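A.B. asks: Below: one structure in structure tokens.
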Amino acid sequence: MKRSDITLHARHRDKLQALLAHPRGHEGAAYMLLGKSEIAQDPWDLEPRTRYTSYEVIAIPQEDRVDASDKHVTWNTNSFAQLCRRAKEEGLVPAIVHSHPGGFDGFSEQDDRNECDLFTMARNRNGEGTRLVSVVQVGDSLYRARVWEDDMTPLHCHRVTTIGTRIEIQSTDAPPPSETLARQALAFGPEVNGLLKQLSVAVVGCGGTGSPVVQLLARLGVGHILVIDDDVVEHSNLNRLYGATRKDADHAVPKVDVMAREVTMMGLDIEIQSVSGWVDAPDIRDALKSCDIIFGCTDDHSGRLYLNRIAHFYLIPVIDVGLVLMPRDDGEPGLLEMAARVSVLFPTSACHGCRGTVDRVRAREEDLERLDPAEYERQKTEAYVRGAGNPAPAVVTFTSEAATMAVNELLAGLVDFRGSGGWTWQRYRKLDKGFERSQAAQPRSDCPVCGSEEYWGLGDVDPFLDRIG
Amino acid sequence: MSLLPRQDRRYLEGRGITVREVIEGGKKGVILTGITLPEGKYQVAQTDILILLPPSYPEVAPDMFYAVPHLKLLAGQREPRCTQVRETHAGQTWQRWSRHNNQWRPGIDGIWTMLKRVEEALEVAA
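Chains as they are written, first to last, in the numbering used here: chain A, 718 to 1186; chain B, 572 to 697.
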């Protein structure tokens, strides 16, 4: 059976809770519009699946409300027709949400009949291929969902994930506890291991920061890891690339193969998949869209801009790692600045562009260098593009420290070990001075990615991510 | 399948400009056909303009632009400044207008800004 799951943005979950609340415990109802992410082949189970992402929560107009009690809710369907119209025009999926305040965890026979009617109505209006998602809020915070599609039997969603400054997973197939991770459970409680086991995490870039990130994720017990990189091991990487050997460098083994080999050898029951290639290649999209979290461990500005959009279109948090090791400019050895930065990119927070953590001109030059190296060299001699210059300094202890900061940010999204309720949007650690500060940045109102909600949770669009690609 | 972001498509449709999308190897771009040239300035009245679009567009700027036919100023019978480089795209040899573009406001600028830059470059060419 085709699997599907739903990601709710926390601001939508909050709005739903407010709309569905009733002082006398009556059932409530609301509408949603969802984006859709069609995954032709999941990288781990190789099956097609669909993920729905919350795009908008819509209140049912007061005049359409007919009746409600603690056992039922009824409303007129004029506004449902409106919802279907918008869904068709904007390429979204309509959803109905209702509550079971008494705590009944499931869909009743009455729900089956009502939803079947609504689905028929939606399909008559919007034609073949129409889908209808139904979400039920059990009590005041548990969500279950199913999808009406094609025939008259709805498909259950195996998971509803809510993401804001934390990741909350509500799943119908939670894994059994792991003995290997028992001591981690002593620190954080038993739930965290189950959450980690259910996660699919991508690591983009397997160099100085990416390779320790992969090691740490595997040893934390992340169930599914995807590594993406288009580079091979070189001798100059050996001092900081975890797991890489001289033999790997002699044979120019792809970095992703080294990552997969090392994780497999740990014997920790981690499923690791590797893809060698550039992160925005069409065949890598499916794999990225399948993930719950992405670590951006590249120093490539064009790649950062791309992941920035993925985070917003698909509601997949991107934890981006940056290392600033700036050589002195007076010819003397040493560094002017040394710092590690970890940023979490996700809707409501500022994006890479608004934080100033990407250089867009540099991004264009990187694209040109990759797509047309001859033209890039020519423009370099004509001084239209800047040369890449000398190799950047790298120190294994600094790259590893940045990696640890990043993976701890993932943990902060799962357990509240800092007591501050979720992750910090941006941490900047001065490696020479031994202090750290969290940095705030506001989305610019004219920013196409984070300044408006137009793209948040929109899912698949043509062209992909509404950019050239 | 479409190549251009939605706002660009809406703008070009609105202006009634005929666009041909070209994809060649990894490179993508649009040819804006029949762009009217300033009267009496060039050897022809209209030109096709090619704009190559980097993968991160519309967040990053397109850079230079390209013309067919190769434009010559009537005054002096020569090519304008910085248009001597030739590049082959979509089966044609284009005249590269080396007008560097590092001024770009993501979210505000789009194909309309680029078209404005092209028109201005054609207007002031010497």
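All residues carry an ideal CB built from backbone N, CA and C; glycine is no exception. The structure presented is a predicted model; accordingly, all values stated were derived computationally and were not measured.
1. Give me, in chain order, the residues of the same chain whose beta-carbon lies closer than 8 Å to that of V615(B); leave out the 5 immediate sequence neighbours on both sides.
2. Applying the 10 Å Cβ sphere with the 16-neighbour rule, what's the burial state of E694(B)?
3. Residues of chain A with CB closer than 8 Å to the CB of W704(B), please, in chain order.
4. Which whole runs of the beta strand (DSSP E) in the region 791-819 of chain A are 3 residues long or more, in chain order?
5. Give the DSSP-derived three-state secondary structure of P1044(A) in the structure shown.
6. For H1029(A), which of helix, strand or coil comes out of DSSP?
7. Are the Cβ atoms of C923(A) and V973(A) separated by less than 8 Å?
8. Going by the CB atoms, is the gap between V996(A) and Y1023(A) shorter than 8 Å?
9. For the region 1081-1110 of chain A, list every residue whose C-beta sits within 8 Å of some C-beta in chain B, in sequence order.
10. Using Cβ-Cβ distances below 7 Å, what residues of the region 1172-1186 of chain A are close to chain B?
11. Pull out every residue of the region 1036-1050 of chain A whose Cβ sits closer than 9 Å to any Cβ of chain B, in chain order.
12. Between which two residues does the beta strand (DSSP E) carrying D722(A) extend?
13. Kindly list the residues whose CB is nearer than 6 Å to the CB of T878(A), restricted to its own chain and excluding five residues on each side of it in sequence; keep chain order.
14. Out of T897(A), V774(A) and A812(A), state which residue places its alpha-carbon closest to the alpha-carbon of Q734(A).
15. Quick one: what's got a C-beta closer than 8 Å to P765(A)'s C-beta in the same chain, skipping five residues either side?
16. Which residues of chain A have a Cβ atom closer than 9 Å to the Cβ of A632(B), listed in chain order?
17. Is the separation between the beta-carbon of M685(B) and that of P633(B) shorter than 8 Å?
18. Check this for me: beta carbons of R803(A) and L849(A), under 8 Å apart or not?
19. Going residue by residue through the region 882-943 of chain A, where are the continuous beta strand (DSSP E) segments of at least 3 residues, counting only ones entirely within it?
20. Below 7 Å on C-beta distance, what does K599(B) contact in chain A?
21. DSSP on F1181(A), reduced to helix/strand/coil?
22. Have a look at L903(A) and K788(A) and give me their C-alpha separation to the nearest angstrom.
23. Please go through the same chain and pick out, in chain order, the residues whose beta-carbon is closer than 6 Å to the beta-carbon of D1084(A), but skip the five residues on each side of it.
24. Taking its Cβ as the centre, do 16 or more other Cβ atoms sit within 10 Å of Q648(B), making it buried, or is it exposed?
25. Could you tell me whether the Cβ of L1005(A) comes closer than 8 Å to any Cβ of chain B?
26. Does the beta carbon of Y628(B) sit closer than 8 Å to a beta carbon anywhere in chain A?
27. Quick test of your reading: G940(A) and Q915(A), contact by CB under 8 Å. State the CB separation rounded to the nearest angstrom.
28. Beta carbons nearer than 9 Å to chain B: which residues of the region 1015-1032 of chain A have them?
29. Have a look at I945(A), A977(A), W865(A) and E1082(A) and flag the residue whose alpha-carbon is nearest the alpha-carbon of C1014(A).
30. Considering only C-alpha positions, which residue in the set Q578(B), T589(B) and Q617(B) is nearest to E680(A)?
31. Could you check which residue in R1077(A), V980(A), I884(A) and P929(A) has the C-alpha nearest to that of L955(A)?
32. With a Cβ-Cβ cutoff of 8 Å, do A1158(A) and A1067(A) count as a contact?
33. At least one CB of chain B closer than 8 Å to the CB of G1168(A): is that the case?
34. So V855(A) is in the beta strand (DSSP E); what residue range does that whole segment cover?
35. Would a check of beta-carbon distances place R577(B) closer than 8 Å to chain A?
36. Can you tell me whether E773(A) is helix, strand or coil according to DSSP?
C.D. replies: Inspection of the coordinates gives the following:
1. Residue numbering aside, residue 615(B) sits at position 44 when the second sequence is read from its first letter. For V615(B), the CB contacts under 8 Å within the same chain, skipping 5 residues up- and downstream, are L608, P640 and L642 in chain order.
2. Within the second sequence, the letter at position 123 stands for residue 694(B). Its Cβ having fewer than 16 others within 10 Å, E694(B) is exposed.
3. Examination of residue 704(B) is not possible in this model, given that chain B is present from 572 through 697 alone.
4. Listed in chain order, they are 810-817.
5. Along the first sequence, one-based indexing puts residue 1044(A) at 327. P1044(A): strand per DSSP, three-state reduction.
6. Within the first sequence, the letter at position 312 stands for residue 1029(A). H1029(A): helix per DSSP, three-state reduction.
7. In the first sequence, residue 923(A) corresponds to position 206, counting from 1. In the first sequence, residue 973(A) corresponds to position 256, counting from 1. Contact check for C923(A) against V973(A) passes: the beta carbons are separated by less than 8 Å.
8. Start at 1 with the first residue of the first sequence, and residue 1023(A) comes out as number 306. Start at 1 with the first residue of the first sequence, and residue 996(A) comes out as number 279. Going by C-beta atoms, Y1023(A) is nearer than 8 Å to V996(A).
9. Listed by position, the residues of the region 1081-1110 of chain A near chain B (Cβ gap below 8 Å) are R1081, D1084, L1085, R1087, L1088, D1089, E1092, E1099 and Y1101.
10. If the cut-off is 7 Å between Cβ atoms, the region 1172-1186 of chain A has D1179, P1180, D1183, R1184, I1185 and G1186 near chain B.
11. Listed by position, the residues of the region 1036-1050 of chain A near chain B (Cβ gap below 9 Å) amount to none.
12. Residue mapping note: residue 722(A) aligns to position 5 of the first sequence, counting from 1. Unbroken beta strand (DSSP E) run through D722(A): R720 to H726.
13. By one-based count along the first sequence, residue 878(A) stands at place 161. Contacts found: T724 and I886.
14. Residue 734(A) sits at position 17 when you count from the first residue of the first sequence. Per the Cα distances, V774(A).
15. Along the first sequence, read from residue 1 onward, the residue named residue 765(A) stands at position 48. Within its own chain, the residues whose Cβ lies closer than 8 Å to the Cβ of P765(A), once the five positions on either side in sequence are excluded, are K719, E755, I756, A757, Q758 and D759, listed in chain order.
16. Within the second sequence, residue 632(B) is the residue found at index 61, counting from 1. Close to A632(B), with beta-carbon spacing below 9 Å, are these residues of chain A in chain order: R1077, V1078 and R1081.
17. As a first step, residue 685(B) must be located in the second sequence, where it is residue number 114. As a first step, residue 633(B) must be located in the second sequence, where it is residue number 62. In this structure, P633(B) lies closer than 8 Å to M685(B) by Cβ.
18. Locating residue 803(A) in the first sequence gives position 86, counting from the first residue. Locating residue 849(A) in the first sequence gives position 132, counting from the first residue. With a cutoff of 8 Å on beta-carbon distance, R803(A) and L849(A) are scored as not near each other.
19. Qualifying beta strand (DSSP E) stretches, in chain order: 884-888 and 917-921.
20. Translated into the one-based positions of the second sequence, residue 599(B) becomes position 28. Neighbours of K599(B) on chain A, chain order: I1185.
21. Sequence index remark: in the first sequence, residue 1181(A) carries index 464 (1-based). Here F1181(A) carries a helix assignment [DSSP, helix/strand/coil].
22. For the purposes of this step, residue 903(A) is taken as the residue at position 186 of the first sequence. For the purposes of this step, residue 788(A) is taken as the residue at position 71 of the first sequence. Computed Cα separation, rounded: 41 Å.
23. Taking the first residue of the first sequence as 1, we reach residue 1084(A) at position 367. Excluding residues within five positions, the ones whose Cβ falls inside 6 Å are S1019.
24. As a position in the second sequence, residue 648(B) is number 77, starting the count at 1. Exposed: under 16 other Cβ atoms inside 10 Å.
25. What you label residue 1005(A) is simply residue 288 of the first sequence in a count that begins at 1. Not an interface residue.
26. Here residue 628(B) corresponds to residue number 57 of the second sequence, with the count starting at 1. Closer than 8 Å: yes.
27. The residue you call residue 940(A) lines up with position 223 of the first sequence. The residue you call residue 915(A) lines up with position 198 of the first sequence. Beta-carbon to beta-carbon, G940(A) and Q915(A) are separated by about 6 Å, close enough to satisfy the 8 Å threshold.
28. Sequence-ordered contacts of the region 1015-1032 of chain A with chain B read H1018, S1019, L1022, Y1023, N1025 and R1026 [C-beta pairs closer than 9 Å].
29. Start at 1 with the first residue of the first sequence, and residue 1014(A) comes out as number 297. Ranked by Cα distance from C1014(A), the first of I945(A), A977(A), W865(A) and E1082(A) is I945(A).
30. A question about residue 680(A) goes unanswered here, because the residues of chain A that appear run from 718 up to 1186.
31. Sequence index remark: in the first sequence, residue 955(A) carries index 238 (1-based). Checking every option, the nearest Cα to that of L955(A) belongs to P929(A).
32. Here residue 1158(A) corresponds to residue number 441 of the first sequence, with the count starting at 1. Here residue 1067(A) corresponds to residue number 350 of the first sequence, with the count starting at 1. The Cβ atoms of A1158(A) and A1067(A) lie closer than 8 Å to each other.
33. Along the first sequence, read from residue 1 onward, the residue named residue 1168(A) stands at position 451. Taking Cβ atoms only, chain B reaches closer than 8 Å to G1168(A), which makes this a yes.
34. For this step, residue 855(A) is matched to residue 138 along the first sequence. From DSSP, the beta strand (DSSP E) with V855(A) extends over R848 to V855.
35. Residue numbering aside, residue 577(B) sits at position 6 when the second sequence is read from its first letter. Judged by the 8 Å Cβ criterion, R577(B) is in contact with chain A.
36. Here residue 773(A) refers to the residue found at position 56 of the first sequence. Secondary structure of E773(A) (DSSP, three-state): strand.
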